[in-house]
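Visitor:
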Amino acid sequence: MSTPVSLRGYRLADTADLRADVREFVAAELAERRWSARCDAWLLGWDPEFSQRLAARGWVGMAIPQEYGGRAAGALARFVVTEELLAAGAPVAAHWIADRQSAPQLLRFGTEQQRRLFLPEIAAGRMYTALGLSEPDSGSDLASVRTAATRVPGGWRVTGRKVWTSGAAHAHLLTALVRTTPLEPGTPRQAGLTQFLIDFDSPGVQVHPIRLINGEAHFAEVVLDDVFVADDRVLGTVGDGWRQVTAELAYERSGPERVLTTAPLLLAFLRDAARTGIAEPAALGRCLARLSTLRRMTASVAVELTARRTPELAAALAKDLGTRFEGEVAEVVRQCRTDQGGDEVSRLLREAILQSPGFTLRGGTTEVLRGVIAKGMGLR
Amino acid sequence: MRALAPAEHLGELEDAVDDLLGRHDVADPAARPALWRALSEAGFTLLSISERAGGSGGDLADAAAVLRRCGYAGLRLPLVETLLAAWLCEQAGRPIPEGMSACGVAEAGTAAQLTWAGTAADCVLLVHAEGAYSVSPATTVATAETTLAGEPVGTATAGPGAPTSVRAEELRLRGAVLRAAMLLGAAQRALDLAVQYSGERVQFGKPIRAFQAVGHLLAGCAGQVVATSVALDAALASLSDPGCDPERQEVAALVAVVEATHMAGRLAAATHQVHGAIGFTAEHPLHLSTTALWSWRDDYGNEFEWATRLARIATAHGREAWDLLAD
Chain A
1 MSTPVSLRGY RLADTADLRA DVREFVAAEL AERRWSARCD AWLLGWDPEF SQRLAARGWV
61 GMAIPQEYGG RAAGALARFV VTEELLAAGA PVAAHWIADR QSAPQLLRFG TEQQRRLFLP
121 EIAAGRMYTA LGLSEPDSGS DLASVRTAAT RVPGGWRVTG RKVWTSGAAH AHLLTALVRT
181 TPLEPGTPRQ AGLTQFLIDF DSPGVQVHPI RLINGEAHFA EVVLDDVFVA DDRVLGTVGD
241 GWRQVTAELA YERSGPERVL TTAPLLLAFL RDAARTGIAE PAALGRCLAR LSTLRRMTAS
301 VAVELTARRT PELAAALAKD LGTRFEGEVA EVVRQCRTDQ GGDEVSRLLR EAILQSPGFT
361 LRGGTTEVLR GVIAKGMGLR
Chain B
381 MRALAPAEHL GELEDAVDDL LGRHDVADPA ARPALWRALS EAGFTLLSIS ERAGGSGGDL
441 ADAAAVLRRC GYAGLRLPLV ETLLAAWLCE QAGRPIPEGM SACGVAEAGT AAQLTWAGTA
501 ADCVLLVHAE GAYSVSPATT VATAETTLAG EPVGTATAGP GAPTSVRAEE LRLRGAVLRA
561 AMLLGAAQRA LDLAVQYSGE RVQFGKPIRA FQAVGHLLAG CAGQVVATSV ALDAALASLS
621 DPGCDPERQE VAALVAVVEA THMAGRLAAA THQVHGAIGF TAEHPLHLST TALWSWRDDY
681 GNEFEWATRL ARIATAHGRE AWDLLAD
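Okay, here's the thing in structure tokens:
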């Protein structure tokens with residue numbers, strides 16, 4: 001059979017108590033008007049105090065072992081909490097990358113010293129990270145990065161530019177993919193890359209926010225000008241950066257944030273729909289069916305990840321379907337609305353549309369993902 | 381979280397079905413009676429019907445595993461219809477049909493355009509009259525028509541029946557879930573054929589699968605198939621769980637049939653596109669899968685109807701529909 005993956009269905013019923021706890025917390029926060037629901041809140045909703053309130057509940061660093069300050073609650077519990085927070089449009093951006101990506105990377109590739117230094121702070125909701133992958137001339141073709149490091153006593157000197165770095169304006173640590181062995185003709189481009197953990201307050205680091213069409217500036221360009229990085233801030237093995245980055249792509253590609261970015265819009269619309277009616281129920285039903293399926297797909301990838309399998313194909317499939325779904329939600333709500341009032345649905349709809357170009361670009365474009373899937377099917 | 385996964389025995393069951401089908405010429409209508417006998421003797425035609433009622437036991441996931449492999453093989457036999465007829469009879473405490481059966485809903489005592497009526501030995505109707513339902517054996521007449529999939533059609537007239545609590549919507553949705561398993565099999569086969577052909581057909585000096593447009597088209601198909609598979613697994617588990625809230629069961633079933641019926645037309649179009657003109661010649665096997673996709677997606681309802689029903693249920697729950705959408 002040529003279908004590249006078989007995803008098992010999972011039932012989420014066993015996590016109902018945890019869901020109820022998160023929902024109660026969210027309801028209390030909303031009642032106190034601490035924040036409003038937003039689309040794409042995992043990028044736009046930067047709120048360190050919220051992150052710390054969540055951490056106090058044990059809902060940050062849930063997958064981090066207890067010896068490093070985490071809850072060791074497992075991937076499924078983390079999945080449920082993130083699903084509920086995304087559906088609520090809660091401001092989770094500050095801790096998001098650290099919790100989702102940096103913590104698993106540190107656990108897998110970090111030194112004991114790095115884990116003891118960073119993981120308890122991540123689990124406390126106090127330490128935020130950013131990903132230094134893309135560059136002005138390296139987007140989908142990540143192996144072409146030019147930011148380079150040269151060896152100096154006790155560490156490295158790094159010079160180059162990273163771009164589309166979410167959260168760079170406020171984060172503490174940049175996980176940067178850097179060329180540490182100059183490219184020689186005949187050697188694979190994927191060789192000679194290394195991951196560094198760079199403090200944003202190191203001398204030589206400059207952050208230039210990039211304003212988007214919605215007026216927000218969660219992206220930034222990060223200029224690294226002869227920045228010293230000590231040996232103990234190498235993440236993993238020198239020269240092994242490509243393998244380390246690609247091994248973690250499943251975390252980046254398969255999470256519920258690749259499905260639920262516009263869920264606050266859909267749920268606000270459903271809340272009002274009983275009163276306002278629906279113009280095109282079949283379109284709405286189709287959209288809801290896909291939401292249900294995608295929630296099951298991302299749940300099963302989350303569980304696969306805990307088994308230390310790297311379901312890269314399954315993650316690529318889920319992200320391809322999920323991010324296209326996120327954009328479709330806005331179109332379906334437009335199609336189904338029967339009133340055009342200036343309510344929360346209108347605001348969320350504007351947010352969803354202005355953020356939508358990014359859905360199918362970030363974390364691997366639809367075109368790159370389809371190439372990954374085609375390769376997995378043996379087509380190339 | 382419990383995995384709903386296909387238990388190991390499902391793999392063995394699928395292998396046994398493949399093995400049996402491999403010994404027959406599935407595409408030849410003349411081979412159908414022998415094929416039915418073999419499937420029936422192996423106990424594959426009455427899975428999910430209790431042994432007490434005369435069935436083979438097992439659950440819906442077992443029945444669906446057989447249907448999926450039969451769909452993959454391009455089988456044209458009333459497997460879903462017979463399962464539905466037996467289930468209706470079991471629910472109403474009536475003896476289940478012994479052989480092939482047609483099955484459908486009759487308003488005013490007759491059902492027209494009923495697949496397999498007049499060709500299958502038996503026919504069981506769910507008759508709706510004066511706000512109540514009954515299960516009735518029917519007399520049938522075959523017509524000269526066939527479905528898009530080439531399956532025979534007839535008219536059925538209900539005889540005296542026994543009362544039942546099963547409603548038409550319930551029967552139709554159950555039929556659509558079982559049919560979704562066959563659609564999934566047919567889609568997997570169409571996709572396998574397209575993948576294979578894309579490696580064989582050379583144009584501009586290379587196999588067409590080397591062209592990105594073709595690869596991306598097939599990758600999109602794989603996504604549709606996996607989505608349907610995930611949704612169907614969840615629906616089968618929900619329907620097999622006696623402790624599951626009926627509305628959740630209905631939602632899980634609707635999600636699966638929306639995914640399957642939506643996928644069917646897209647898979648048929650894309651796999652024909654990859655095959656070029658050879659794919660819609662009578663000699664090429666692709667049509668066994670694609671005519672099934674076009675035909676079966678309209679059995680018991682269609683994607684617009686299922687999606688509308690899902691939207692109505694969700695809207696009644698407002699924002700809390702979120703909870704119904706994954707259980």
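Chains A and B are the protein sequences, given in the same order.
When we follow this note's numbering, the leftmost residue of the first sequence carries the number 1, and every step to the right adds one.
When we follow this note's numbering, the leftmost residue of the second sequence carries the number 381, and every step to the right adds one.
Glycine is no exception: its CB is placed at the ideal position from the N, C-alpha and C atoms.
#1: For the segment 471-487 of chain B against the segment 592-602 of chain B, are there 3 or more C-beta pairs whose distance is under 8 Å?
#2: Give me the Cα-Cα distance between residue 348/A and residue 411/B, rounded to the nearest whole angstrom.
#3: Just how far apart, CA to CA, sit residue 638/B and residue 625/B?
#4: Taking Cβ positions only, does residue 157/A come closer than 8 Å to chain B?
#5: Chain A partners of residue 664/B, CB-CB under 8 Å?
#6: At a Cβ cut of 9 Å, what residues of the segment 573-584 of chain B count as close to chain A, listed as they run along the chain?
#7: Strictly by DSSP, which residues pair up with residue 135/A?
#8: Measure the Cβ-Cβ separation of residue 165/A and residue 130/A and say whether it is below 8 Å.
#9: Mark residue 25/A as exposed unless 16 or more other C-beta atoms lie within 10 angstroms of its C-beta, in which case mark it buried.
#10: Could you name the residues of the segment 636-657 of chain B whose beta carbon sits closer than 9 Å to any beta carbon of chain A, in the order they occur along the chain?
#11: Taking residue 559/B and residue 679/B to be in contact with their CB atoms under 8 Å, please state how far apart those CB atoms are, rounded to whole angstroms.
#12: Are any of the Cβ atoms in chain A nearer than 8 Å to that of residue 690/B?
#13: Could you tell me which whole beta strand (DSSP E) segments of length 3 or greater appear in the segment 157-225 of chain A?
#14: Check residue 514/B in the structure and name its three-state DSSP category.
#15: How would you call residue 424/B, buried or exposed, if buried means at least 16 neighbouring beta carbons within 10 angstroms?
#16: So that I know if they touch, is there some Cβ in chain A lying closer than 8 Å to that of residue 661/B?
#17: Does DSSP classify residue 679/B as helix, strand or coil?
#18: If you draw a straight line from the alpha carbon of residue 320/A to that of residue 132/A, how long is it in whole angstroms?
#19: Which runs of the alpha helix (DSSP H) fall wholly inside the segment 512-591 of chain B and span at least 4 residues, in chain order?
#20: Using the DSSP secondary-structure output, state which residues sit across from residue 234/A in a beta bridge.
#21: Would you mind giving the Cβ-Cβ distance between residue 196/A and residue 229/A, rounded to the nearest angstrom? I have them listed as a contact below 8 Å.
#22: For a test of the three-state rule: what should DSSP assign to residue 151/A, helix, strand or coil?
#23: Excluding sequence positions up to five away, which residues of its chain have a Cβ less than 6 Å from the Cβ of residue 415/B?
#24: List, in chain order, every chain B residue whose beta-carbon is nearer than 7 Å to that of residue 320/A.
#25: On a Cα-Cα basis, can you pick out the residue from 452/B, 417/B, 440/B that is closest to residue 672/B?
#26: Going by DSSP in three states, residue 244/A sits in which element: helix, strand or coil?
#27: Which partner residues of residue 228/A appear in the DSSP bridge assignment?
#28: When you compare the CB of residue 292/A with every CB in chain B, is at least one pair closer than 8 Å?
#29: For residue 494/B, does the three-state DSSP call read helix, strand or coil?
#30: Could you compute how far the alpha carbon of residue 441/B sits from the alpha carbon of residue 514/B?
#31: Would DSSP call residue 601/B helix, strand or coil?
#32: Report the neighbours of residue 30/A on chain B: residues whose CB is nearer than 9 Å to its CB, in chain order.
#33: Have a look at residue 382/B and residue 76/A and give me their C-alpha separation to the nearest angstrom.
#34: Of all Cβ atoms in chain B, is any one closer than 8 Å to the Cβ of residue 281/A?
#35: Roughly how many angstroms separate the alpha carbons of residue 617/B and residue 115/A, rounded to a whole number?
#36: Ignore the nearest five residues each way along the sequence and tell me which others in residue 345/A's own chain have a CB closer than 8 Å to its CB.
Guide: Short version:
#1: no
#2: 59 Å
#3: 20 Å
#4: no
#5: Under the 8 Å cutoff, chain A gives no residues; its nearest Cβ is about 18 Å from residue 664/B.
#6: Of all residues in the segment 573-584 of chain B, 574, 575, 576, 578, 579 have a Cβ within less than 9 Å of some Cβ in chain A.
#7: 138/A
#8: yes
#9: buried
#10: 636, 637, 638, 639, 642
#11: 5 Å
#12: yes
#13: 173-179, 193-199, 205-210
#14: Reduced to three states, the DSSP call for residue 514/B is strand.
#15: Around the beta-carbon of residue 424/B, 16 or more other beta-carbon atoms lie within 10 Å, marking it buried.
#16: Chain A, which has no Cβ nearer than 8 Å to the Cβ of residue 661/B, makes this no.
#17: coil
#18: 23 Å
#19: 548-580
#20: 196/A
#21: 5 Å
#22: In the structure shown, residue 151/A sits in a strand (DSSP, three-state: E or B).
#23: 404
#24: 603
#25: 452/B
#26: helix
#27: 157/A
#28: yes
#29: strand
#30: 27 Å
#31: Helix, per DSSP.
#32: Simply none; closest approach about 12 Å.
#33: With a pLDDT of 36 at residue 382/B, under the threshold of 50, the predicted position of this residue should be treated as unreliable, and no value is reported.
#34: By this cut-off, residue 281/A is an interface position.
#35: 41 Å
#36: 265, 268, 269, 272, 333, 337
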